[in-house]
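Trainee: What follows is a single structure, and I will ask about it in a moment.
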Amino acid sequence: MKPTSQSLHPAFKLNGLEFSSAEEVLNFADGLLEDGNEQEASVVRFLEQWLDFSETIKVRTSGSTGKPKWIELSKAHMINSARATGAYFKAGNNTQALLCLSADYIAGKMMLVRAMVLGWDLHVVTPSKDSLTEYDNDYDFVAMVPYQVWHSLDALKKVKKLIIGGGRVPAELEEKLQDVDTEAFATYGMTETATHVAVRRLNGPARSESFSALPDVKFSVDARSCLIITAPAILDAPLVTNDVVTLNSPTNFNWHGRYDNVINSGGLKIYPELVEAKLSSFIPNNFLIASEKDELLGERVILIFEGEMKETSSLADAFRKLEPHERPKRVYSLSKFVYTDTGKLKRRDVLKVLQKYK
């Protein structure tokens, strides 16, 4: 008996090609390896793992909050995640979709799973900032990281629904999205949950500051106010996160930041991610908010920016947008920040680099 993962939707297409069986997909994958590029090779590696007879698949985490690691995900859970996405976004068979993320990571892998499970026609291209602009195709559904969206604003008219993951959507980018007709969503999730379990509408009349759960997902919080995800269709047990939230209902929350990033300054808790959101429209460089020891306050807020700040005078104006306890007491610069392979900022590593130069 074949595993469920080998059951392809009859409408599934990959770059316009139809497949009637897992064997045909694997034969096609073998042909790609002969002279394919890195993206095609990563797609092949995943397809070979997905279509084998095992019930699980090994997936690598991004490493943005620690060292990258390999975890095993149930293929059945990944299929359930794909179906939940299809139901939420009304993206059924014959959906025209674009894969412009690396298939080495969960976001790219799940685009392939959705295509095979839901019967999408998936166009696979090399991940880059120009992935959307290089082709004339129109798409019903596209997943991107913020960096790609920044460079695709003029081309978003080709996209009906866009999900953005891999990092917080900057406030300035969110404002830019108000001028497009594309339905744009920020996603919340992680490798362990087979990508998103909640989404937030970024533009249009349904724009929201809170995240809403996908089907069959429920939320609660622990004593730290950190989110707990209960989703029997994709998790064997409730998952306790380090994400501090305000829980609005069992299916809706506002995200504040990571518990391990919280700054305690003079007895006041400060969430760096929220301060960064307030400053993002005023600082052209990549930057982060962090802390260092202070004899009186315990911890004091600092700002670290990447590269050379051309308009340092604008910092004073930016700081006026903050509450007094949120305002950075020191400003540092580093020539280069540390990022994961998927472009996520590695805060801890950036702080380690800073310590070497202080």
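Those letters in the sequence shown? Residues 1 to 358, by UniProt numbering. We put the CB at the ideal spot given by N, CA and C, even for glycine.
#1: Can you tell me where the beta strand (DSSP E) with GLY204 in it begins and where it stops?
#2: Indicate whether THR56 and GLU72 have their beta-carbon atoms separated by less than 9 Å.
#3: Check LYS278 in the structure and name its three-state DSSP category.
#4: VAL350 to PRO68, Cα distance in whole Å?
#5: CA-CA distance, LYS2 and GLY86?
#6: Looking at ILE234 and MET78, is the spacing between their C-beta atoms short of 9 Å?
#7: Taking the alpha carbon of ALA143 as the point to measure from, which residue in ARG200, ALA184 and VAL117 has its own alpha carbon closest?
#8: Is ASN254 helix, strand or coil when you go by DSSP?
#9: Once the 5 residues before and after residue 368 are set aside, which same chain residues still bring their CB inside 6 Å of it?
#10: Any chance the segment 107-126 sits against the segment 216-231, with 3 or more Cβ pairs inside 8 Å?
#11: So which of ALA41, ASP236 and PHE253 has the shortest CA-CA distance to ASP243?
#12: Along the chain, where does the beta strand (DSSP E) that runs through GLN6 open and close?
#13: What do you get for LEU99, buried or exposed, if any count of 16 or more other CB atoms within 10 angstroms of its CB means buried?
#14: Cβ of ALA76 within 9 Å of Cβ of THR4?
#15: Please state the DSSP three-state secondary structure of THR182.
#16: Does the beta-carbon distance from TYR139 to LYS160 come in below 9 Å?
#17: Within 10 Å of its beta-carbon, does ARG320 have 16 or more other beta-carbons around it, so buried, or fewer, so exposed?
#18: Would you check if the segment 317-337 and the segment 258-277 touch, i.e. whether three or more CB-CB distances between them fall below 8 Å?
#19: Could you compute how far the alpha carbon of GLY165 sits from the alpha carbon of SER280?
#20: What would DSSP say about HIS196, mapped onto helix, strand or coil?
#21: Is the beta carbon of SER131 closer than 9 Å to that of SER42?
#22: Would you mind stating whether PRO170 and PRO146 have Cβ atoms separated by less than 9 Å?
Mentor: On the basis of the coordinates in this document:
#1: As a working mapping, residue 204 is identified with position 204 in the sequence shown. It is not in any beta strand (DSSP E) - GLY204 carries neither H nor E in the DSSP assignment.
#2: Taking the sequence shown and counting its residues from 1, the one referred to as residue 56 is at position 56. Taking the sequence shown and counting its residues from 1, the one referred to as residue 72 is at position 72. Yes; because the gap between Cβ atoms is below 9 Å, this pair is in contact.
#3: The count along the sequence shown starts at 1 and reaches residue 278 at position 278. If DSSP states are grouped into helix, strand and coil, LYS278 belongs with the helices.
#4: Within the sequence shown, residue 350 is the residue found at index 350, counting from 1. Within the sequence shown, residue 68 is the residue found at index 68, counting from 1. The straight-line gap from Cα to Cα measures roughly 16 Å.
#5: The residue labelled residue 2 in the question sits at position 2 within the sequence shown. The residue labelled residue 86 in the question sits at position 86 within the sequence shown. Cα to Cα, the separation comes out at about 24 Å.
#6: For the purposes of this step, residue 78 is taken as the residue at position 78 of the sequence shown. For the purposes of this step, residue 234 is taken as the residue at position 234 of the sequence shown. In contact: MET78 and ILE234 (Cβ atoms closer than 9 Å).
#7: Taking the first residue of the sequence shown as 1, we reach residue 143 at position 143. Here the closest residue by C-alpha is ALA184.
#8: Here the question's residue 254 lines up with position 254 in the sequence shown. Strand at ASN254.
#9: No statement about residue 368 is possible, as the shown extent of the chain runs from 1 to 358 and does not include it.
#10: No: the two stretches stay apart, fewer than three of their Cβ pairs being nearer than 8 Å.
#11: For the purposes of this step, residue 243 is taken as the residue at position 243 of the sequence shown. Nearest C-alpha to ASP243: PHE253.
#12: By one-based count along the sequence shown, residue 6 stands at place 6. Taken as a continuous stretch (DSSP letters only), GLN6 belongs to no beta strand (DSSP E), as it is neither H nor E.
#13: For the purposes of this step, residue 99 is taken as the residue at position 99 of the sequence shown. Classification for LEU99: buried.
#14: The residue you call residue 76 lines up with position 76 of the sequence shown. The residue you call residue 4 lines up with position 4 of the sequence shown. Contact: yes.
#15: Looking up residue 182 in the sequence shown gives position 182. If DSSP states are grouped into helix, strand and coil, THR182 belongs with coil.
#16: On the sequence shown, position 139 is the one that residue 139 refers to. On the sequence shown, position 160 is the one that residue 160 refers to. Yes, the Cβ-Cβ distance between TYR139 and LYS160 is below 9 Å.
#17: Residue numbering aside, residue 320 sits at position 320 when the sequence shown is read from its first letter. With a 10 Å radius around the Cβ and a threshold of 16 neighbouring Cβ atoms, ARG320 comes out exposed.
#18: yes
#19: Reading the sequence shown from its first residue, position 165 is the one you call residue 165. Reading the sequence shown from its first residue, position 280 is the one you call residue 280. The alpha-carbon of GLY165 is positioned some 17 Å away from that of SER280.
#20: Residue mapping note: residue 196 aligns to position 196 of the sequence shown, counting from 1. HIS196: strand per DSSP, three-state reduction.
#21: To locate residue 42, count along the sequence shown from 1; it is residue 42. To locate residue 131, count along the sequence shown from 1; it is residue 131. No; because the gap between Cβ atoms is not below 9 Å, this pair is not in contact.
#22: For the purposes of this step, residue 170 is taken as the residue at position 170 of the sequence shown. For the purposes of this step, residue 146 is taken as the residue at position 146 of the sequence shown. For PRO170 and PRO146, yes; Cβs fall inside 9 Å.
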